[in-house]
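These notes concern the structure reproduced below.
Protein chains: 2
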Amino acid sequence: MVLKAQELFWEKGYNATSLSDLSTATGAGAGSLYNTFKGGKKELFKKSLQQRKEDLEDFKIKLENSDTPIELIKAFFISVATASKKSHLKGCIVANTIVEMTFIDEELENEAIEILKETEKLYTTAILAEQKKGNIKSKIPAHTLGKHLITLWCGINTLRRIYPDKEILKQQIELQLQILK
Amino acid sequence: MVLKAQELFWEKGYNATSLSDLSTATGAGAGSLYNTFKGGKKELFKKSLQQRKEDLEDFKIKLENSDTPIELIKAFFISVATASKKSHLKGCIVANTIVEMTFIDEELENEAIEILKETEKLYTTAILAEQKKGNIKSKIPAHTLGKHLITLWCGINTLRRIYPDKEILKQQIELQLQILK
DNA sequence: TTATTTTTGTAATGTTTGATACAAAAATAG
DNA sequence: CTATTTTTGTATCAAACATTACAAAAATAA
């Protein structure tokens, strides 16, 4: 149920997704939706965001068990480029939420910001470790490089909609990943 | 009137800005708003976007009359970092619109995309000229560097909300502008 | 089985939405 | 100054909105 809702929220954002949209998409009536998610629409959206948090946890474990975490991160970014056109247009639900919810709903905005900050921490930790091992020669502080990846992520999130094109996106991503060496 | 409306749209986006919000902000009653802007709320939003187009035209002229256009572009990006906190949270109305309007209103989305593509063209033209003059040594194609600046712009647009902090933003922007040399 | 609780779908809640109708007022024209 | 047009604000519209009330149905417990 959350999954179907997430898909809709992801596409259309919070405000433009109506409860009847959600009802149609999930197949559940309004009554069920409100019985299952006590907080209504907002709670359902939170759950949709939360799920991204779980994906992040998975990625964290993969990173920690990898001998080449930087390659993992790079591969992840490049995999974005080769996604479907619809994926490009949907972008990242977390980044989208930050843009939509500023001045609208502080709680949802902060929820989304927190997820990207956790992602940044993941990147920074991995980069710092690889710098110490000498696998990354760059003297740029790990926290700056971590933020750079977040900036790239957010930038690509919008660029994907302007140019939902594998080649263009791949080119831009690779250009910006060169700094990680 | 458009200016006050633009300010609201810029902050809250299209969907979250109601007509009564606009009426209050502009001081004009609903009747006046609909008499002045035949297309209603959507037309008013278009006018708000259009104004960014005019700013772009101004910047184009400045670029064409400058001996150091690249410095102008760099200064523009860095000036973003030192803006007010509210400016950071508002971000760029054009980039915001692209994120909000995908799957919602194709016309408004395309209007916004077109503006960023024109901006890109401006950058690319300036970069190409400076490459020919030898002022930029990089062999990376001008159109790739132009898109890189758009990616940076969109990335910073979201990063500003996560970190509305001059130092952090300046650091990120300068890091990414290094490629223009 | 029967009794009790939980879940479901429908209908209705009151509110807010974008948009209009229209008369008063202001501006313009003659 | 009068006649005509344009602009304004108010009151109102139907539609859409998020939410809830509630009875039927399903699931669970005894």
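Here the protein sequences line up with chains L and G, keeping their order.
Residues in the first sequence are numbered consecutively from 429, following my numbering.
Residues in the second sequence are numbered consecutively from 429, following my numbering.
Every residue, glycine too, gets a C-beta built ideally from N, C-alpha and C.
Which class does residue i belong to by DSSP, given the choice of helix, strand or coil?
i	result
C614/G	The first residue shown for chain G is 429 and the last is 609, placing residue 614/G beyond what the model contains.
F465/G	coil
L608/L	coil
Y442/L	coil
T496/G	coil
K594/L	helix
N610/L	Because chain L is modelled from 429 through 609, residue 610/L falls outside the range shown and cannot be assessed.
F505/L	helix
N563/G	coil
D449/L	helix
G519/G	coil
D533/L	coil
T454/L	helix
S512/G	coil
I601/G	helix
I568/L	coil
To the nearest angstrom, report how far apart residue i and residue j are at their CA atoms.
i	j	result
E471/G	D495/G	39 Å
I498/L	S566/L	13 Å
A570/L	I601/L	19 Å
A453/L	M429/L	9 Å
N493/G	D486/G	11 Å
F473/L	I568/G	42 Å
E535/G	L603/L	31 Å
G562/G	E482/L	50 Å
D517/L	V522/G	The amino acid occupying residue 517/L in the given sequence is Leu; Asp does not appear at that position. L517/L and V522/G: Cα-Cα distance of roughly 16 Å.
A458/L	D449/L	10 Å
K549/L	I541/G	32 Å
T445/G	K560/G	47 Å
T552/G	L597/L	17 Å
F531/L	K514/L	28 Å
I526/G	W438/L	14 Å
T572/G	A554/G	13 Å
D533/L	G455/L	27 Å
L436/G	S451/G	11 Å
L500/G	L491/G	7 Å
S460/L	N524/L	27 Å
L484/L	L484/G	39 Å
Y591/L	Q599/L	12 Å
E595/L	E595/G	33 Å
Which one of the options has the shortest CA to CA distance from residue i?
i	options	result
K488/L	I543/L, K560/L, P592/L	I543/L
C520/G	M429/G, L597/G, K609/G, G441/G	G441/G
D593/L	I564/L, A511/L, E537/L	A511/L
L556/G	I532/G, I541/G, K575/G	K575/G
L608/L	K513/L, T530/L, K502/L, I541/L	K502/L
R480/G	L491/G, G455/G, E539/G, T553/G	E539/G
E528/L	R589/G, E435/G, S460/G, S446/G	R589/G
Q606/L	S460/L, I564/L, L587/L, I596/L	I564/L
K469/L	G455/L, L587/L, N443/L, L491/L	N443/L
L577/L	L587/G, I578/G, L577/G	L587/G
Report buried or exposed for residue i, applying the criterion of at least 16 other Cβ atoms within 10 angstroms of its Cβ.
i	result
E546/L	exposed
Q478/G	exposed
A433/G	buried
L431/L	exposed
S476/L	buried
E558/L	buried
Q537/G	The residue asked about is misnamed: residue 537/G is Glu in this sequence, not Gln. When all chains shown are included, E537/G counts as buried.
L447/L	exposed
State yes or no: is the C-beta of residue i nearer than 7 Å to some heavy atom of the ligand MG?
i	result
F473/L	By its list of ligands, the structure shown contains no ligand whatsoever, and the ligand MG lies outside what it can speak to.
Three or more C-beta pairs closer than 8 Å, one from the region 458 to 466 of chain G and one from the region 503 to 511 of chain G: is that the case here?
The way I'd put it, the region 458 to 466 of chain G doesn't touch the region 503 to 511 of chain G; fewer than three beta-carbon pairs between them come closer than 8 Å.
Inter-stretch contact at 8 Å, needing at least 3 Cβ pairs: the region 580 to 592 of chain L / the region 582 to 590 of chain G
Contact holds: three or more Cβ-Cβ distances are below 8 Å.
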